[in-house]
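Asker:
In the working numbering, the protein residues as written are 133 to 286.
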């Protein structure tokens with residue numbers, strides 16, 4: 133075997149490994165986006181059930197089981213968001229705050245937050261709230277309104 137054949141074989145292995153790793157990481161991020169979408173649906177169901185029961189809804193993390201907010205790449209939290217985004221003093225409803233900050237949470241968190249935002253932008257634009265994206269700081273914060281009626285306890 134000639135040196136050039138060995139170098140070619142090594143380059144081939146490196147390229148295949150790099151492509152495979154990229155596909156793996158992208159798949160992981162897509163899984164986290166799917167998990168976050170499932171959390172949004174489950175949290176929305178929980179808010180609906182509490183509202184139908186007539187209980188007061190505290191728009192905090194106590195509203196849902198902690199497992200629903202667990203996401204390896206994203207920071208998820210329940211918070212009160214205005215029903216009317218143009219009027220922050222309007223009635224409040226339950227929202228899911230999503231944060232991806234590269235410095236605090238890592239590169240995967242920022243990339244996953246961007247992927248989730250793009251997916252929600254296509255699926256649920258009307259319910260997105262308070263989008264703050266700072267490309268320089270590689271930080272993204274946004275909220276998703278979980279319910280269109282005022283539901284948060286005063």
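Think of the CB as a built atom: it goes at the ideal place given N, C-alpha and C, for glycine as much as any other residue. For clarity, every value in this text was computed on a predicted model and none was experimentally measured.
Just the Cα atoms here: how many angstroms apart are residue 192 and residue 244?
Answerer: Rounded to whole angstroms, the gap between the alpha carbons of residue 192 and residue 244 is 23 angstroms.
Asker: Judging by CA-CA distance, which residue of 156, 283, 252 is the nearest neighbour of residue 222?
Answerer: 283
Asker: Can you tell me whether residue 154 is helix, strand or coil according to DSSP?
Answerer: helix
Asker: Return the chain-ordered list of same chain residues with a C-beta closer than 8 angstroms to the C-beta of residue 162, the five sequence neighbours on each side being excluded.
Answerer: Same-chain partners within the cutoff: 247.
Asker: Looking at the structure shown, is residue 280 part of a helix, part of a strand, or coil, going by DSSP?
Answerer: coil
Asker: Kindly indicate which three-state DSSP category residue 206 falls into: helix, strand or coil?
Answerer: coil
Asker: In angstroms, rounded to a whole number, what distance separates the CA positions of residue 252 and residue 182?
Answerer: 24 angstroms
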